[in-house]
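Position 37 of the sequence shown, counted from 1, bears residue number 37 in this note's numbering, the numbering being contiguous throughout.
See structure below.
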Amino acid sequence: NGNRLRDISLDELAQHKNKNDAWLAIRGMVYNVSSYFEFHPGGEEELMRGVGIDATDLFDQVHKWVNYESMLKKCLVGRLRTDSMLPP
Ligand code: HEM
1 NGNRLRDISL
11 DELAQHKNKN
21 DAWLAIRGMV
31 YNVSSYFEFH
41 PGGEEELMRG
51 VGIDATDLFD
61 QVHKWVNYES
71 MLKKCLVGRL
81 RTDSMLPP
């Protein structure tokens, strides 16, 4: 259902930076990871480092091999809107 995904700006992403309202972007997709905190093998503090931001680089630095796409399928919130996608 990719077409129904909402566009989310970096500003909006940054507003969801608390553990109980934690959004995180990886490769253009925005996920709500609040329900994943208790399962993250790297701990809550580590996961928190990526919250509210485009965490792609951070994620890849730590564990590029982890299949986040299938793990977070139900946590998908929308797509990250980048400046290059804005109308002129
Ligand atoms: C493990 C950090 C996001 C899934 C780890 C570990 C660290 C870490 C340091 C190693 C723990 C250890 O070996 O003791 C981070 C940071 C994140 C992040 C900074 C912020 C972007 C995520 C996300 C997922 C995830 C979004 C999946 C939805 C996992 C898994 C492991 C792990 C499956 C175990 C990997 C393995 O042992 O091969 N994480 N993590 N992490 N993390 Fe993350």
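From the three backbone atoms N, C-alpha and C, an ideal C-beta is built for every residue, glycine too.
Item                                                                                        : Value
Cβ-based neighbour list, N1, same chain, cut-off 6 Å, excluding 5 preceding and 5 following : Here the model assigns N1 a pLDDT of 48, short of 50, so the residue's position is not dependable, and the following value carries that caveat. Nothing meets the Cβ criterion.
Local conformation of G2 per DSSP, three classes                                            : Note on G2: pLDDT 49, under 50, position unreliable in the model; the coordinate value appears next. Helix.
Where the alpha helix (DSSP H) containing Y68 begins and where it ends                      : 68-71
Unbroken beta strand (DSSP E) run spanning V77, endpoints                                   : 76-80
Distance cut-off 7 Å: M29 Cβ against heavy atoms of the ligand HEM                          : no
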